[in-house]
Amino acid sequence: MATELTGLLVATLLYLGALFLVAEATERGRLPQRLVRHPLVFALSLGVYGTSWTLYGSVGFADRQGYNFLAIYLGPVLACLLVPVVWLPLLRLVKTLQLSSLADLVAFRYQSQAAGVLVTGFMVLGSLPYLALQLRAVVDAARYVVPDLSGDLLGLGFSALLVVFTVLFGTRHHRIREPRPGLVMAIAAESVVKVIALLTVGAAAYFGVLGGPGGMTSWLAEHPQALARLYSPTREAPWVTLLVLSGAAAFLLPRQFHMAFAERPDSRAFLHATWLFPALLLVMNVGIVPILWAGQTLAPNQNPDLYVLVVAGRIPGLTTLAFLGGVSAASAMVIVCSLALAGMMLNHLVLPFWRPSGDVHAHLTRARRALVGTMVMAGWAAYATLEPTGGLVELGLVSFVAVAQLLPAMFGVLFWRRATAQGVLTGLLAGVVLWIILLILPRFGVHGFLEWTMDQAARIDAAWRDRWVASTGLTLLVNGGLCALVSIMTRPRPEERDAAATCVRDVLSPAPISHFEDVATLEARVAELLGEEGAAAEVEQALAELELTRAERRPDALRLLTERLERNLSGLIGPMPARSLLRQAPDLDVARAALTGHLRLLEARLEDAELSGDAARVDMVRRYFRGVLDDLPVGVAAVGPGADVILWNQHLAQLTHVSPLEAAGHRLDTLPDPWGPTLAQALLTPNPEPQELILSVAGSVKTVRVGRAELSEDADEPRGSVLVVEDLTVRRAFEAQLAHRERLASIGQLAAGVAHEVGNPLTGILMVASNLRRERLDADVSERLGMLIDQANRIQDIVRNLVDFSRADGGAAETGREARDAVTVREVVNEAVALLELGRRTREVRCDVEIDAAICVRGDRQRLIQVFLNLLANACDASRAGQAVEVRASEGALGWVRVDVIDHGVGVTEAQRARLFDPFFTTKPVGEGTGLGLAVVFSIVRSHGGRVEVDDTPGGGCTMQVFLLAQPEDAS
Amino acid sequence: MPDPRGQDHATDLVVMGFGLALLILFTPLRELWARDNAPWWAPFAIWGGVVVMAGWLISQWIRHGD
Numbered sequence: 001m002a003t004e005l006t007g008l009l010v011a012t013l014l015y016l017g018a019l020f021l022v023a024e025a026t027e028r029g030r031l032p033q034r035l036v037r038h039p040l041v042f043a044l045s046l047g048v049y050g051t052s053w054t055l056y057g058s059v060g061f062a063d064r065q066g067y068n069f070l071a072i073y074l075g076p077v078l079a080c081l082l083v084p085v086v087w088l089p090l091l092r093l094v095k096t097l098q099l100s101s102l103a104d105l106v107a108f109r110y111q112s113q114a115a116g117v118l119v120t121g122f123m124v125l126g127s128l129p130y131l132a133l134q135l136r137a138v139v140d141a142a143r144y145v146v147p148d149l150s151g152d153l154l155g156l157g158f159s160a161l162l163v164v165f166t167v168l169f170g171t172r173h174h175r176i177r178e179p180r181p182g183l184v185m186a187i188a189a190e191s192v193v194k195v196i197a198l199l200t201v202g203a204a205a206y207f208g209v210l211g212g213p214g215g216m217t218s219w220l221a222e223h224p225q226a227l228a229r230l231y232s233p234t235r236e237a238p239w240v241t242l243l244v245l246s247g248a249a250a251f252l253l254p255r256q257f258h259m260a261f262a263e264r265p266d267s268r269a270f271l272h273a274t275w276l277f278p279a280l281l282l283v284m285n286v287g288i289v290p291i292l293w294a295g296q297t298l299a300p301n302q303n304p305d306l307y308v309l310v311v312a313g314r315i316p317g318l319t320t321l322a323f324l325g326g327v328s329a330a331s332a333m334v335i336v337c338s339l340a341l342a343g344m345m346l347n348h349l350v351l352p353f354w355r356p357s358g359d360v361h362a363h364l365t366r367a368r369r370a371l372v373g374t375m376v377m378a379g380w381a382a383y384a385t386l387e388p389t390g391g392l393v394e395l396g397l398v399s400f401v402a403v404a405q406l407l408p409a410m411f412g413v414l415f416w417r418r419a420t421a422q423g424v425l426t427g428l429l430a431g432v433v434l435w436i437i438l439l440i441l442p443r444f445g446v447h448g449f450l451e452w453t454m455d456q457a458a459r460i461d462a463a464w465r466d467r468w469v470a471s472t473g474l475t476l477l478v479n480g481g482l483c484a485l486v487s488i489m490t491r492p493r494p495e496e497r498d499a500a501a502t503c504v505r506d507v508l509s510p511a512p513i514s515h516f517e518d519v520a521t522l523e524a525r526v527a528e529l530l531g532e533e534g535a536a537a538e539v540e541q542a543l544a545e546l547e548l549t550r551a552e553r554r555p556d557a558l559r560l561l562t563e564r565l566e567r568n569l570s571g572l573i574g575p576m577p578a579r580s581l582l583r584q585a586p587d588l589d590v591a592r593a594a595l596t597g598h599l600r601l602l603e604a605r606l607e608d609a610e611l612s613g614d615a616a617r618v619d620m621v622r623r624y625f626r627g628v629l630d631d632l633p634v635g636v637a638a639v640g641p642g643a644d645v646i647l648w649n650q651h652l653a654q655l656t657h658v659s660p661l662e663a664a665g666h667r668l669d670t671l672p673d674p675w676g677p678t679l680a681q682a683l684l685t686p687n688p689e690p691q692e693l694i695l696s697v698a699g700s701v702k703t704v705r706v707g708r709a710e711l712s713e714d715a716d717e718p719r720g721s722v723l724v725v726e727d728l729t730v731r732r733a734f735e736a737q738l739a740h741r742e743r744l745a746s747i748g749q750l751a752a753g754v755a756h757e758v759g760n761p762l763t764g765i766l767m768v769a770s771n772l773r774r775e776r777l778d779a780d781v782s783e784r785l786g787m788l789i790d791q792a793n794r795i796q797d798i799v800r801n802l803v804d805f806s807r808a809d810g811g812a813a814e815t816g817r818e819a820r821d822a823v824t825v826r827e828v829v830n831e832a833v834a835l836l837e838l839g840r841r842t843r844e845v846r847c848d849v850e851i852d853a854a855i856c857v858r859g860d861r862q863r864l865i866q867v868f869l870n871l872l873a874n875a876c877d878a879s880r881a882g883q884a885v886e887v888r889a890s891e892g893a894l895g896w897v898r899v900d901v902i903d904h905g906v907g908v909t910e911a912q913r914a915r916l917f918d919p920f921f922t923t924k925p926v927g928e929g930t931g932l933g934l935a936v937v938f939s940i941v942r943s944h945g946g947r948v949e950v951d952d953t954p955g956g957g958c959t960m961q962v963f964l965l966a967q968p969e970d971a972s
Numbered sequence: 001m002p003d004p005r006g007q008d009h010a011t012d013l014v015v016m017g018f019g020l021a022l023l024i025l026f027t028p029l030r031e032l033w034a035r036d037n038a039p040w041w042a043p044f045a046i047w048g049g050v051v052v053m054a055g056w057l058i059s060q061w062i063r064h065g066d
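Order-wise, the sequence lines are chains R and U. In this text, residue positions in the first sequence follow the working numbering: the first is 1, and each later residue adds one. In this text, residue positions in the second sequence follow the working numbering: the first is 1, and each later residue adds one.
What follows is the structure, given as structure tokens:
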């Protein structure tokens, strides 16, 4: 006996040690991530569903109920078909809200701490029979191998061992919120052991005991009732009940919920579980029938729950494998179940009454370890107390009926927004009471109510004579009925409505209203629970996740931050404590301010939302109107009642260089100068008529027109205003240019008239004066006549310039209508220089012309000579004696020729530069210039389709740059 | 981004698959495979068929971009 006991003990310890190594290697990243994240690993981890009930109890269940045992696994198969449409939304919800258990989910959905407490208490109570089942299976198996063992002592020892391993597996780290891939890997490894054990024993039964296909056929021929005993129960009412119970248990059992959702698997792996998990269950069960028939053949008087060990005993070493399979199944269930329940108890039974101080994470970890120990030992107490009747399966089904009581609450989570906390609490409470009366009290020797119920119900339908049909039907009918009735009679609170909207993936669900003015006050509130260090870490993490900074003060950003912190803290302390810490009843002002932030958040969430059906079509319309707003050729800003920006369209962003992202959520007056203050002022102006404003923006002048419209105002919801900003800069510049040209044209007409009217008499005066001078006159008269002729010549120069200007300006109005000859720039400039040298100044100022003879422009040769004559004359006048005026030309890109006339004289000021080309503007002393030279240049060049620019010469002086259209000489 | 129409189609397929499995396993139609003279492996064959169907359904779901 001692040898066998030692063998089992060593095998168990080695097995659990190996599991620990698998978990440790995974946590330390020693296993490839491809393996850890593989869908098969996730499906195997869901195999925690198959407990010692599967390994040992299924054979006993098949012996009593035939193929009804398959219903326990076909229920999850059916449930798995709904993974994409039911499980996946649930996973997204759990991930988004950082929920860690079913109690968290129900408490969040119904915004009720009481619901969390009730679900937790009920799940703890409902799981005790299941934990007892695991211990009983292992103890029975050990006592089959070593018959003289003490069952109580063995149960206690195994429980203590499981406490140690559960703490090591699941609560080693302080990272309470984070998934534990090591745990998932270890549970997956346990499933592999279970499958191997069952398949091996099944093969031993099929080939070794029954003799393979031929032997099986012979065996069935000898036992003609065997198949009928298997099939006939499936045609009875319990089949359907078992399918419903197991289908609910597949994702509502605490351990299933924990592995499927709380460990936050990869979505791809999750989806593949739709077929991988059913396939795994199929492989686990395919050997059960051969084992049953082999057990009936080998030991017809033995407890059928132990047939696996009976068959395994025929092959050396297989008994140990079968025993380890049972240990594997039991330990996986106990570890995951106690971890899940410990988390629920911590969040819903402990933390509402206890706020740890100091290192909160460490305190929570220690508390969780204590709760894990409490849970496992409570399972042992249930094992020692509950009356062992009806085989292993009976205990499991008691737990299944318990978790099925959560179905009405889950219907409210996933589908029915109208379900209220009162309805769910009433229904659940009634379900719990009935469950205790019908299924728990009989285990303590209190009988009668179930039998009475079955008798009464059987009058309506004989199917209710089955205890599972009656207990399941009655509890669910009362629970669901009360839940529906009370929900209809009561109204969901606003926070319940919000939570319900979030649960059914309504993207329009709002973020909480933040009562915190800035990040520091928010952090101070969190510090009340976590201490300063813990609060700082949580706030930093939330800020990093949202890509915000500590300086953030925007109301909507603070809302998002509060929401994220609440979710993160939910993973640590549960949703309700997190909510009560960060939320308060909203006051009116906050609610009003929240409107604008709400709109922005909804917009942001809609951008990322995956909508379908009518919602997608409505969103399409929203995007269309949003596009229209963005593409309007005017800037549009919508602001809330508090002057914070709700909408900032693209045109306004281009105009102001403030992006919608930078503007949204900020008060108008906090936006960069000059836009922020200007628009804020426009918002405050009593007169809503459009105003034209001239702003200095980055060194340039912008003219804008700002209009305002008040949005219609509801009694409770002020909507704010819309500002329309129109950029008039280009239009005003064009209008100024047009007015200038009109003025020039008028001057040109005036000049032409004056030249005509003055020129003819002047010519006469000059002719008379010249004739008189040729006559013999005394010296004094001759000198006076000379003076008269000089002044008349000066008037004639002015008249000629006026004529030139009038001609040039007339041409300028029809830009590009000059002659299209190819003109060699060097020849034109040289001719201008030659003409200029006839004057006095050029003898003192040198003209250096460096122009390639091949450079040609398109234009009128004579008029271009006039251009360069005027420019050279001005340059010479501006230069001092001995200085040089340089003329250079170059062919640029895009068909332009640039000719620079460079002087090194006094240069021009900014003020002079602005008026340099205006007619009659001159910097020369009175009597020395008409002020028409550059105006003529400007007009002629414009009429050639070119332009003139002024620049400073490095070292002093002025450079006139003439741009003319290039034309190859041969193209003329 | 998922194609809403494709997703709707995939959802329809999943619901239809679930309905078919429900019809075979849940309703009295199960007597078609749960006859007394049916081979012992008949339920496992049905089960295998449901697994294959689930695999196909999920491939359709993934293909439509969830």
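Beta carbons: idealized from backbone N, C-alpha and C, even for Gly.
query: Backbone secondary structure at Ile-855 of chain R - three-state DSSP; result: coil
query: Counterpart residues of Ile-694 of chain R in DSSP-defined beta bridges; result: R:Thr-703
query: Neighbour flag for His-38 of chain R against chain U, beta carbons, 8 angstroms; result: no
query: Test: Tyr-49 of chain R CB closer than 8 angstroms to a CB of chain U; result: no
query: C-beta atoms of Ala-294 of chain R and Leu-210 of chain R nearer than 8 angstroms; result: yes
query: Buried/exposed call for His-740 of chain R, threshold 16 Cβ in 10 Å; result: exposed
query: Neighbouring residues, chain U, relative to Cys-80 of chain R (Cβ below 7 angstroms); result: Ala-54
query: Contact list for Tyr-231 of chain R against chain U, beta-carbon separation under 7 angstroms; result: Ala-34, Arg-35, Asp-36, Ala-38
query: Simplified DSSP assignment, three categories, for Ser-721 of chain R; result: strand
query: Span separating the alpha-carbon of Glu-44 of chain R from that of Ala-189 of chain R; result: Note that residue 44 of chain R is Leu in the sequence shown here, rather than Glu. Computed Cα separation, rounded: 8 angstroms.
query: Three-pair Cβ contact test at 8 angstroms for the region 111-118 of chain R versus the region 572-583 of chain R; result: yes
query: Cα-Cα separation between Ile-440 of chain R and Val-145 of chain R, rounded to whole angstroms; result: 31 angstroms
query: Segment contact, 8 angstroms Cβ cut-off, at least three pairs: the region 225-234 of chain R with the region 50-61 of chain U; result: no
query: Host beta strand (DSSP E) of Ser-890 of chain R (start-end); result: 884-891
query: Cross-chain neighbours of Val-504 of chain R in chain U, by beta carbon under 9 angstroms; result: Going along chain U, no residue has its Cβ under 9 angstroms from Val-504 of chain R, so there is no contact; the nearest lies around 15 angstroms.
query: Asp-104 of chain R, DSSP secondary structure in three states; result: helix
query: Contacts around Ala-585 of chain R, its chain only, beta-carbon distance under 8 angstroms, and the 5 residues preceding and following it disregarded; result: Interpretation of Ala-585 of chain R is limited by its pLDDT of 42, a score under 50 that renders its predicted location unreliable; the figure taken from the coordinates is listed afterwards. Excluding sequence neighbours, Ala-585 of chain R sits near nothing in its chain.
query: Span of the beta strand (DSSP E) around Gln-961 of chain R; result: 958-965
query: Chain-ordered neighbours of His-272 of chain R on chain U, where CB pairs are closer than 9 angstroms; result: Gly-55, Ile-58, Ile-62
query: Where Tyr-67 of chain R meets chain U, residues with beta-carbon distance less than 8 angstroms; result: Ala-34, Pro-43
query: Where Arg-314 of chain R sits in the DSSP three-state scheme; result: coil
query: Residue from R:Met-620, R:Ala-381, R:Ala-680 with nearest C-alpha to Asp-644 of chain R; result: R:Ala-680
query: Between the CA atoms of Gln-691 of chain R and Leu-728 of chain R - distance to the nearest angstrom; result: 12 angstroms
query: Chain-ordered chain U contacts of Leu-46 of chain R [CB-CB under 9 angstroms]; result: What Leu-46 of chain R touches in chain U: nothing, since even the nearest Cβ is about 14 angstroms away.
query: Option in R:Arg-888, R:Leu-569, R:Met-333, R:Gly-116 with minimal Cα separation from Ala-527 of chain R; result: R:Leu-569
query: C-alpha gap between Leu-13 of chain R and Gly-170 of chain R, whole angstroms; result: 18 angstroms
query: Partners in chain R for Leu-22 of chain U, counting only beta-carbon separations shorter than 7 angstroms; result: Leu-78
query: Interface partners of Leu-243 of chain R on chain U, CB under 8 angstroms; result: Leu-25, Phe-26
query: With 16 other Cβ atoms within 10 Å as the buried cut-off, status of Val-621 of chain R; result: exposed
query: Euclidean distance between Cα positions of Leu-280 of chain R and Tyr-73 of chain R; result: 10 angstroms
query: Bounding residues of the beta strand (DSSP E) (the contiguous stretch that carries Thr-54 of chain R); result: Thr-54 of chain R -> no beta strand (DSSP E), and no H or E assigned at all.
query: Cα-Cα separation between Val-539 of chain R and Glu-523 of chain R, rounded to whole angstroms; result: 6 angstroms
query: Residue range of the unbroken beta strand (DSSP E) whose run includes Ala-822 of chain R; result: 821-824
query: For Gly-816 of chain R, the three-state DSSP class (helix, strand or coil); result: With a pLDDT of 47 at Gly-816 of chain R, under the threshold of 50, the modelled position of this residue cannot be trusted; read the value that follows with caution. DSSP places Gly-816 of chain R in coil when its eight states are reduced to three.
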